[in-house]
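Chains as they are written, first to last, in my numbering: chain A, 1 to 415; chain B, 416 to 830. Even glycine gets a Cβ: it sits at the ideal position worked out from N, Cα and C. First the structure, in the form of structure tokens, and then the observations on it.
Number of protein chains: 2
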Amino acid sequence: MMPEFQRPRGTRDFGPEEMAKRQFVESEMRETARLFGFGEVMTPTFESTDLFIAKSGEDIVGELYAFEDKGNRNIALRPELTASVMRFYVNEMQSLPKPVKVFYYGNMFRYERPQAGRYREFFQFGAELIGAPSIEADAEVIALALATLKNIGLEDVVVRIGHLSILQSILDRTTISESEKRECRRIIDKGEIDKLKSILPDDAINELNMLFSNPDKVSSVLNTYPGVDYLRQLLNRLKAYGFTNCTVDFSVARGLDYYTGMVFEIDAPSLGAEKQICGGGAYKLADLFGGQEVNSTGFAFGFDRIILALENSEVEVPKQMLNAYILPIGDSARLPATEILMKLRNAGISTDMDLMGRNMSKAMKYANNIGAQKVIIIGEKELTEESVTVRDMKSGEQELVSISKIVQFITGCLN
Amino acid sequence: MMPEFQRPRGTRDFGPEEMAKRQFVESEMRETARLFGFGEVMTPTFESTDLFIAKSGEDIVGELYAFEDKGNRNIALRPELTASVMRFYVNEMQSLPKPVKVFYYGNMFRYERPQAGRYREFFQFGAELIGAPSIEADAEVIALALATLKNIGLEDVVVRIGHLSILQSILDRTTISESEKRECRRIIDKGEIDKLKSILPDDAINELNMLFSNPDKVSSVLNTYPGVDYLRQLLNRLKAYGFTNCTVDFSVARGLDYYTGMVFEIDAPSLGAEKQICGGGAYKLADLFGGQEVNSTGFAFGFDRIILALENSEVEVPKQMLNAYILPIGDSARLPATEILMKLRNAGISTDMDLMGRNMSKAMKYANNIGAQKVIIIGEKELTEESVTVRDMKSGEQELVSISKIVQFITGCLN
């Protein structure tokens, strides 16, 4: 029979196995942020459309799920979370002692043609550090991103750090207009250097190519650029944080106007062409939203790509196992079996019980199917001896265990 | 300065303190479901509007955030999650061995006038048990709801269980039409018995009033109703699960047509008029969505009301504390301080560091403000002795601790 209803195009349903994996990664991210002293925030799923226009320009509307609500307000499903978090900051957190360190995990939406690894509803985990001197903030935020990836077991990553003032100083030496400069940054951000030829003079392009190709080789000329000494200090601090794998890449441009200084991206090479899993940098947004100007640094992880990268890297993610499966034999065993069921659950042992009246062989097949580690067989004969039979699903061995010791027994087997 | 952007009406922003509380409750709910052998699922935030109409009728559209996407599809932000989960079940889980036990946590949306405790974006945690015999499923699902509330510390609750066949048998003895019967159920669900007078004959109303007023007192006549023996058995099973606080309430009617038998509600009396925190029952929906007919039982918690009830009941929710706050004195202390910072964080000790260059007295004030348990002062003098000063923020006592023993020392203090 053909199902009558399909989920909307470009969206996903996640089953228990997938969710266990996602939940593990989400928890590790949350825990790392907590260890770093960041506090979680949550904002509404939709905002007034104007908020996103203020941050990203009118063009963003084409990619939004934007609509009028029944009160004729223009609202849009959020395409990202920095705008919402900074709105929240401006409305309610400006007077808090600095720095304000917050993180978020959430879904967001973009109306675009669905393609491999790109969905209309997708997920990001991100952090914003607001109101600290820039180098302290930049180092702490990059360190959080790297510690998080380390804690989830994704260590095969490339960290590329740039500084917009270097790009800017080259563009400023040309005679192109501000909007052309902006266009250049977008082109560079997309890695389409060839397209610069119609805007920039040859010497500027040569200079950019030299900078982009190998920043280490040009270290002698680098000192002439603003921001280079800053990046040296930043890399030094990241070393103190224990992260020695950061590289300098002046072609990191982040396409958007509100970035002010340091910018960074992290790639997972295993992902191939769509390899970027994190983007961030120093920015100013609060003033755009009616607040006081304040230095901020933030990043966002592409959560879905990180899950993909973990799968590619064959990183072991703990599986959700069912510790025990109870099979009551006969109706009179059901109530005593229920008591044992709850004893185990209350002791933190994940336990299921046959609800279908399965016979022994079908129950064993089912227990195997759902990945139960132990099967506890409770029959009338066993009950008269105040005992149950415990079968180890791996070895196939069976043992008679006293009901009064069942929690202890199962706990002992699992440790 | 007036902020330029406000969050949409009827929605909320959650700060770190609130989120720590919500995250704790969410984790406990998830963990209890896991102990019961339920697996988590997640479905898209929006669905085709038709799905919700199929489940709840055309009237639902008035309460939906419904809109046309750019491909002219009618989609709506989900107003609840059972419809989505059953759509997912029909599309992808029908062939799994039974029972299918799933749970979800998510946000949902309803366009209505915002009022105290009711929001346009709100949250539910729920579970569905699909494909088991009804009494097994009903007992397991109610037990999950009750165990969850127990595990989050909310024990001051009233559980009311009814059975629609009892109500139905009374209505069936009248001559009213099917749509009038449906209307009666909705009226009873809202507790507006007086309004039945225009539809039902007096003797039916008297009978209902007798049943609703005190089900225990009428036990001698109860045996004449279908479903009563079922409820007795169900209460008996719930006792085996360890739950003796369930009461029978025949006025639980759940306003919707797809409920088929047992229905239940849980109240938190501390919430006053809007006291219901959970609703559920046995239902059939899969066939409505193009799947094979299958028995299901499910419930949903009103997550926001549960948070409110926990606050009213003064249940202690673990606070998110910062274990340590590091104050480097002078620029040369900053890099060694960063190394100590990461040592602590890597050992699972939540630690923050001064990023603002605060002096001692301001740093102590800030550390106090953010609730740090220890302040670690790292000055040039201490560093020459490979030591740091650790100050306990509660007692005010200070101690010189060797850097090589700092993790051990702080861990020891926290246990």
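Option in A:45, A:40 and A:16 with minimal Cα separation from residue 425 (chain B): A:45
Residue closest to residue 35 (chain A), alpha-carbon to alpha-carbon, out of B:677, B:750, B:595 and B:738: Of B:677, B:750, B:595 and B:738, the smallest CA-CA separation from residue 35 (chain A) is found for B:738.
Bridge partner(s) assigned by DSSP for residue 375 (chain A): A:325 and A:391
Given 8 Å, three or more beta-carbon pairs between the segment 538-553 of chain B and the segment 706-721 of chain B: yes
Short-range partners of chain B found in the segment 32-56 of chain A, where Cβ spacing is below 9 Å: Listed by position, the residues of the segment 32-56 of chain A near chain B (Cβ gap below 9 Å) are 32, 34, 35, 36, 37, 38, 39, 40, 41, 42, 43, 44, 45, 46, 47, 48, 50, 51 and 54.
Counted within 10 angstroms of its Cβ, other Cβ atoms place residue 417 (chain B) as buried (16 or more) or exposed: Interpretation of residue 417 (chain B) is limited by its pLDDT of 49, a score under 50 that renders its predicted location unreliable; no figure is taken from the coordinates.
Cβ contact (3+ pairs, closer than 8 Å) linking the segment 666-675 of chain B and the segment 600-608 of chain B: When C-beta atoms of the segment 666-675 of chain B are compared with those of the segment 600-608 of chain B, three or more pairs fall below 8 Å, so the two segments count as touching.
Close beta carbons around residue 581 (chain B), own chain, < 6 Å, minus the five adjacent residues each side: Here residue 581 (chain B) has 640, 642 and 665 as same chain residues with Cβ atoms under 6 Å from its own Cβ, once five neighbours each way along the sequence are excluded.
Interface flag, residue 140 (chain A) vs chain B, CB-CB below 8 Å: At a cut-off of 8 Å between beta carbons, residue 140 (chain A) contacts chain B.
4-residue-minimum alpha helix (DSSP H) runs that sit fully inside the segment 537-616 of chain B, ordered along the chain: 549-566, 579-587 and 593-604
Rounded straight-line distance, which links the Cα of residue 199 (chain A) to that of residue 179 (chain A): 11 Å
Beta-carbon spacing of residue 444 (chain B), residue 576 (chain B) below 8 Å: no
Sheet register partners of residue 42 (chain A) (DSSP bridge): B:429
Stretch-stretch touch, CB-based, cutoff 8 Å, three pairs: the segment 685-702 of chain B with the segment 371-379 of chain A: no
Nearest residue (CA-CA) to residue 409 (chain A), options A:375, A:380 and A:92: A:375
Closest by C-alpha distance to residue 725 (chain B), when choosing among B:682, B:753, B:803 and B:429: B:682
Collapsed DSSP secondary structure at residue 249 (chain A) in the structure displayed: Here residue 249 (chain A) sits in coil by DSSP.
Closest Cα partner of residue 697 (chain B) within the set B:495, B:547, B:431 and B:769: Considering only alpha carbons, the answer is B:547.
Exposed unless 16 or more other CB atoms sit within 10 angstroms - verdict on residue 279 (chain A): The residue is buried, with at least 16 neighbouring Cβ atoms inside 10 Å.
Rounded straight-line distance, which links the Cα of residue 474 (chain B) to that of residue 287 (chain A): 44 Å
Chain A within 8 Å of residue 417 (chain B), Cβ atoms only: Note that residue 417 (chain B) has pLDDT 49, beneath the 50 cutoff, so the model's placement of it is unreliable and the number below is only indicative. Yes, its Cβ sits closer than 8 Å to a Cβ of chain A.
Alpha helix (DSSP H) segment containing residue 307 (chain A), residue limits: 303-312
Continuous beta strand (DSSP E) stretch holding residue 104 (chain A): start and end: 100-109
Which of helix, strand or coil DSSP assigns to residue 116 (chain A): coil
8 Å Cβ cutoff met for residue 712 (chain B) and residue 552 (chain B): yes
Touch test, the segment 7-22 of chain A against the segment 107-121 of chain A, Cβ-Cβ under 8 Å, three pairs minimum: yes
Amino acids of chain B, ordered along the chain, whose beta-carbon sits closer than 8 Å to that of residue 360 (chain A): Using a Cβ-Cβ cut-off of 8 Å, residue 360 (chain A) is close to nothing in chain B; its nearest Cβ partner there is about 16 Å away.
Cα-Cα separation, residue 792 (chain B) to residue 40 (chain A): Distance between the alpha carbons of residue 792 (chain B) and residue 40 (chain A) is about 27 Å.
Of the listed residues B:598, B:498, B:528 and B:779, nearest to residue 808 (chain B) (C-alpha basis): B:779
Three-state secondary structure assigned by DSSP to residue 489 (chain B): strand
For residue 296 (chain A): DSSP bridge partner residues: Beta-bridge pairing links residue 296 (chain A) to A:130 and A:283.
Assigned exposure category for residue 244 (chain A) - 16 Cβ within 10 Å defines buried: exposed
Residue 47 (chain A) vs residue 75 (chain A) beta-carbon contact at 8 Å: Yes; because the gap between Cβ atoms is below 8 Å, this pair is in contact.
Residues of its chain near residue 685 (chain B), where Cβ-Cβ distance is below 7 Å and the 5 sequence neighbours each way are ignored: Within its own chain, the residues whose Cβ lies closer than 7 Å to the Cβ of residue 685 (chain B), once the five positions on either side in sequence are excluded, are 571, 724, 727 and 728, listed in chain order.
Reduced DSSP category for residue 277 (chain A) - H, G, I as helix; E, B as strand; rest coil: Under the three-state reduction of DSSP, residue 277 (chain A) is assigned to strand.
Supposed contact pair residue 88 (chain A) and residue 127 (chain A) - C-beta distance, whole angstroms, cut 8 Å: About 14 Å separates the two Cβ atoms, so there is no contact after all.
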